[in-house]
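Asker: My structure is below; once you've seen it, I'll send some questions.
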Amino acid sequence: MMRLPKMDYAAPPTLSEVCVLMSEQQEKAELLAGGTDLLPACKLRNKQPTLLVSLGKIPSLKDIRFDESEGLRIGAMTSLNALRYDPLAIAHYPALIEAAAAVGTTQLQHMGTLGGNICLDTRCTYYNQSESWRQTRAVCLKMGGEVCHVVPKGNKCYAVFSGDMAPVLLALDARLKLASSAGERSLRLSEFYSGDGRKPLLIRPGEILEAVIVPPPAGKESSAYLKYRVRGAIDFPLAGVAVRLAATADGLCRDCSVAITAVSSAPVQVPEAADLLKGKSVTAELINKAAQETSRAAHPVANAFGATPSYRRKMIGILTRRTLTSLAQNLGMAVR
Amino acid sequence: MKRRLELTVNDECLDVEIEPHRTLLEVLREELGFTGAKEGCGLGACGACTVLVDGAPVLSCLTLALEVQGKTVTTVEGLVKNGQPDPVQKAFVDHGAIQCGFCTPGSVMSAKALLEKNSNPSGQEIREALAGNLCRCTGYQKIIEAVGSLAKPR
Ligand SMILES: Cc1cc2nc3c(=O)[nH]c(=O)nc-3n(C[C@H](O)[C@H](O)[C@H](O)COP(=O)(O)OP(=O)(O)OC[C@H]3O[C@@H](n4cnc5c(N)ncnc54)[C@H](O)[C@@H]3O)c2cc1C
Ligand code: SF4
Ligand code: FES
Ligand code: FES
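Quick mapping for you: the protein sequence lines, in order, are chains A and B.
With this note's numbering, letter number 33 in the first sequence gets 33, and the count goes up by one each step, no holes.
With this note's numbering, letter number 95 in the second sequence gets 1095, and the count goes up by one each step, no holes.
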């Protein structure tokens, strides 16, 4: 039996008690949401917290609300399955549904939460391995050592952010609400990722992600997410593209936003691609140019099983072309 | 320090003293004697440990036992009623959807969760609901046929 290291456990009934506990414990404690990312990391001894602080006893963290002016507010502990079948999300944000449905398996969607997906640790073929496997090599940067086995000449960790929800939320310009014993703060999702594979989140010690707020759709717009992976049934993305596209009454592109995942240590927006389309009539030629720009923004390295970096980069372009083409057609914009 | 866990397993209220780092799979198999759920990978990738928690299919290898405090767990043992197998179990037997049987308890629970929610699933819905249950033996076709045989047109 693959066992967890010895850890203590607490499940406070309110968010303020979680905040107090986390501020006292700081690094030795880890927040437990669905556990589908954290517990494998503990079993493999990538992480060895002394205390798990469960968010499972706080019902308000599972709320989903829609408001015409604020948009959709999704509690961090909302399961991906609950989000996937939420009528408000289905009505307004198709890409959120497509991404939630593309995460892992049915079981993982029931257990995994939106908050845990946004706060996902970065991944690497040299990191997500058992302790005995890792012991055959020098300790790498992400485990506190001094070398990287993927880019040996660099002094940076290139572990890859592989969440499916973040690119969609970036394309939709979502904000995060964070709570801590020092008070609340709100920031754009694009300000949440460091780009450092070792420590991918700019979350402060003791902070808890409370909710995600997705602005309301304005006028005629839609969104889509496409992902490339080895097995359609289960795997993490090797490349993922999310697009939001808005049309004017006469069928031009009013607004556009493109974001990519699984090709660097952070999910990123690609304004260079989106800006090409704004105010224009969306032609096949323009879509191809945007796809090229998006592919140029991808910087995968050889640390994921299943495809070479150059193939993943190429797939970013192909997925961009497909999402843009289908969205433009759905919105009745001419694609010539 | 051991903690007290109270839960309902297969309609029986149970309590057990456990260390906080134990998984639900460990507690079911090693403390409570429900050895139906299996450990394949222990890391969330195979589905052999699937049980229902409050009706939802979850991976017991990645569920901390204390997280199911006060909840209702159903394992494959709980499907047998009055000595009779559940229709899902019967369909698996009738369709030859079992070879070595290691994946079966997990696949059966995933199928059960699907059919409770959707009495007439399409072929695609069945495939998706069972995609998290790896099987080394059957090639899946017979499992899908077994579950498909239970789909009831409304
Ligand atoms: C076999 C397998 C396949 C998978 N495939 C995919 C996939 O295809 N796509 C994908 O995106 N993911 C995948 N995952 C990863 C994971 O299941 C999901 O990303 C899931 O949504 C994570 O959520 P969780 O609630 O289980 O996170 P947890 O494991 O509970 O938490 C993850 C991290 O976030 C922190 N955290 C959680 N909630 C909060 C909060 N509210 N505030 C602050 N910090 C928080 C935790 O402390 C932890 O460090 C897969 C996992 C497995 C095991
Ligand atoms: S990218 Fe390099 S430093 Fe980062 S986890 Fe992989 S091997 Fe370690
Ligand atoms: S043992 Fe739980 S998913 Fe493999
Ligand atoms: S019957 Fe052997 S693994 Fe499925």
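Every residue, glycine too, gets a C-beta built ideally from N, C-alpha and C.
Regarding L238 (chain A) and ligand 2, is the C-beta to nearest heavy atom distance less than 7 Å?
Answerer: Stepping through the first sequence from its first residue, residue 238 (chain A) is reached at position 238. Distances between the C-beta of L238 (chain A) and the heavy atoms of ligand 2 are all 7 Å or more.
Asker: Since G71 (chain A) and I234 (chain A) are thought to touch, with beta carbons under 8 Å apart, how far apart are those beta carbons, to the nearest angstrom?
Answerer: For the purposes of this step, residue 71 (chain A) is identified with residue 71 of the first sequence, where counting begins at 1. For the purposes of this step, residue 234 (chain A) is identified with residue 234 of the first sequence, where counting begins at 1. Actually they are not in contact, since the Cβ atoms of G71 (chain A) and I234 (chain A) sit about 31 Å apart, beyond 8 Å.
Asker: Where the beta carbon is closer than 5 Å to any heavy atom of ligand 1, which residues qualify, in chain order?
Answerer: A:E30, A:L31, A:A33, A:G34, A:G35, A:T36, A:D37, A:L38, A:A76, A:V103, A:G104, A:L108, A:G112, A:T113, A:G115, A:G116, A:N117, A:C119, A:L120, A:G163, A:D164, A:I208, A:L209, A:F236, B:G1044, B:A1045
Asker: Taking buried to mean at least 16 other C-beta atoms within 10 Å of its own C-beta, is P87 (chain A) buried or exposed?
Answerer: Translated into the one-based positions of the first sequence, residue 87 (chain A) becomes position 87. Exposed.
Asker: For E1019 (chain B), return the contacting residues in chain A, with the cut-off set at a CB-CB distance below 8 Å.
Answerer: Counting from one through the second sequence, the residue named residue 1019 (chain B) turns up at place 19. Per Cβ cutoff of 8 Å: K6.
Asker: Just confirm the distance between the C-beta atoms of G116 (chain A) and D37 (chain A), as a whole number of angstroms; I'd bet it's less than 8 Å.
Answerer: For the purposes of this step, residue 116 (chain A) is identified with residue 116 of the first sequence, where counting begins at 1. For the purposes of this step, residue 37 (chain A) is identified with residue 37 of the first sequence, where counting begins at 1. At roughly 6 Å, the Cβ-Cβ gap stays under 8 Å, so G116 (chain A) and D37 (chain A) are in contact.
Asker: Any heavy atom of ligand 3 closer than 7 Å to the Cβ of C1061 (chain B)?
Answerer: As a position in the second sequence, residue 1061 (chain B) is number 61, starting the count at 1. Yes - ligand 3 has a heavy atom lying nearer than 7 Å to the Cβ of C1061 (chain B).
Asker: Residues of the stretch 217–250 of chain A with a CB closer than 7 Å to any CB of chain B: list them in chain order, please.
Answerer: A233, I234
Asker: Does the Cβ-Cβ distance between S1060 (chain B) and A1037 (chain B) come in under 8 Å?
Answerer: As a working mapping, residue 1060 (chain B) is identified with position 60 in the second sequence. As a working mapping, residue 1037 (chain B) is identified with position 37 in the second sequence. In this structure, S1060 (chain B) sits near A1037 (chain B), with a CB-CB distance shorter than 8 Å.
Asker: CB of R1136 (chain B) to nearest heavy atom of ligand 4: below 7 Å?
Answerer: Within the second sequence, residue 1136 (chain B) is the residue found at index 136, counting from 1. Checking the Cβ of R1136 (chain B) against ligand 4 gives yes.
Asker: Based on the DSSP output, what are the partners of S54 (chain A) in its beta bridges?
Answerer: Working through the first sequence from its first residue, we reach residue 54 (chain A) at position 54. Bridge partners of S54 (chain A): A:L32.
Asker: With contact counted as at least three CB pairs below 8 Å, one residue from each stretch, are the stretch 1004–1011 of chain B and the stretch 313–333 of chain A in contact?
Answerer: These segments do not touch.
Asker: What does the Cβ neighbour count give for F305 (chain A), buried or exposed, with the cut at 16 atoms within 10 Å?
Answerer: One-based indexing of the first sequence puts residue 305 (chain A) at position 305. Looking at its Cβ environment, which holds fewer than 16 other Cβ atoms inside 10 Å, F305 (chain A) is exposed.
Asker: With distances taken from CA atoms, which of B:D1015, B:H1021, B:A1065, B:Q1099 is nearest C1135 (chain B)?
Answerer: Residue 1135 (chain B) sits at position 135 when you count from the first residue of the second sequence. Taking only the C-alpha atoms, the option nearest C1135 (chain B) is B:Q1099.
Asker: Using the DSSP secondary-structure output, state which residues sit across from P1057 (chain B) in a beta bridge.
Answerer: If you number the second sequence from 1, residue 1057 (chain B) lands on position 57. Looking at the DSSP assignment, P1057 (chain B) forms a beta bridge with B:L1052.
Asker: Suppose the cutoff is 8 Å on Cβ atoms and the five residues either side in sequence are ignored; what does the same chain contact list for A10 (chain A) look like?
Answerer: Along the first sequence, one-based indexing puts residue 10 (chain A) at 10. Result list for A10 (chain A): L21, L51, L52, V53, S54, in chain order.
Asker: Please list the terminal residues of the continuous alpha helix (DSSP H) segment that includes G71 (chain A).
Answerer: The count along the first sequence starts at 1 and reaches residue 71 (chain A) at position 71. Per DSSP, G71 (chain A) belongs to no alpha helix (DSSP H); it is in the beta strand (DSSP E), 71–75.
Asker: Comparing alpha-carbon positions, which option in B:A1048, B:E1019, B:V1093 lies nearest G1132 (chain B)?
Answerer: Your numbering for residue 1132 (chain B) matches position 132 in the second sequence. The shortest CA-to-CA distance from G1132 (chain B) to any of B:A1048, B:E1019, B:V1093 is the one to B:A1048.
Asker: Listed in chain order, which residues of the stretch 99–124 of chain A have Cβ atoms closer than 8 Å to some Cβ of chain B?
Answerer: G104, T105, T106, Q107, L108, H110, M111
Asker: Find the residues of chain B that neighbour G56 (chain A), judging by a C-beta separation of less than 7 Å, and give them in chain order.
Answerer: The residue you call residue 56 (chain A) lines up with position 56 of the first sequence. Under the 7 Å cutoff, chain B gives E1067.
Asker: Tell me the residue span of the beta strand (DSSP E) that contains F66 (chain A).
Answerer: Residue mapping note: residue 66 (chain A) aligns to position 66 of the first sequence, counting from 1. Counting along the chain, the beta strand (DSSP E) containing F66 (chain A) begins and ends at 64–67.
Asker: Is K47 (chain A) near ligand 2, going by C-beta to nearest heavy atom under 7 Å?
Answerer: Numbered from 1 along the first sequence, position 47 holds the residue referred to as residue 47 (chain A). K47 (chain A) Cβ: outside cutoff for every heavy atom of ligand 2.
Asker: Give the interface partners of G992 (chain B) over in chain A, defined as CB-CB distance under 8 Å, in chain order.
Answerer: Outside the displayed span of chain B (1001 to 1154) sits residue 992 (chain B), for which this structure offers no information.
Asker: List, in chain order, every chain A residue whose beta-carbon is nearer than 8 Å to that of S1110 (chain B).
Answerer: One-based indexing of the second sequence puts residue 1110 (chain B) at position 110. Within chain A, T106, Q107 have C-beta atoms less than 8 Å from the C-beta of S1110 (chain B), given in sequence order.
Asker: Would the beta-carbon of L202 (chain A) fall within 8 Å of that of P267 (chain A)?
Answerer: Here residue 202 (chain A) refers to the residue found at position 202 when the first sequence is read from its first residue. Here residue 267 (chain A) refers to the residue found at position 267 when the first sequence is read from its first residue. No, the Cβ-Cβ distance between L202 (chain A) and P267 (chain A) is not below 8 Å.
Asker: Under 6 Å, CB to any heavy atom of ligand 2. Which residues pass, going along the chain?
Answerer: A:C124, A:Y126, A:Y127, A:C140, A:L141, A:K142, A:C148, A:H149, A:V150, A:C157, A:Y158, A:A159, A:G197, A:N303
Asker: List the endpoints of the continuous beta strand (DSSP E) containing C256 (chain A).
Answerer: Stepping through the first sequence from its first residue, residue 256 (chain A) is reached at position 256. 253–261 is the extent of the beta strand (DSSP E) around C256 (chain A).
Asker: Taking the alpha carbon of P167 (chain A) as the reference point, which residue from A:T320, A:A334, A:D8 has its own alpha carbon closest?
Answerer: Walking along the first sequence from the start, residue 167 (chain A) turns up at place 167. The shortest C-alpha separation from P167 (chain A) is found at A:T320.
Asker: Have a look at A:L252, A:P200, A:K6, A:G75 and flag the residue whose alpha-carbon is nearest the alpha-carbon of P49 (chain A).
Answerer: Residue mapping note: residue 49 (chain A) aligns to position 49 of the first sequence, counting from 1. Closest by alpha carbon: A:K6.
Asker: For T1050 (chain B), go through chain A and note every residue whose CB falls closer than 7 Å to its CB, in chain order.
Answerer: As a first step, residue 1050 (chain B) is located in the second sequence; it is residue number 50 there, counting from the start. Ordered by position in chain A, the residues that pass the 7 Å Cβ test against T1050 (chain B) are Q107.
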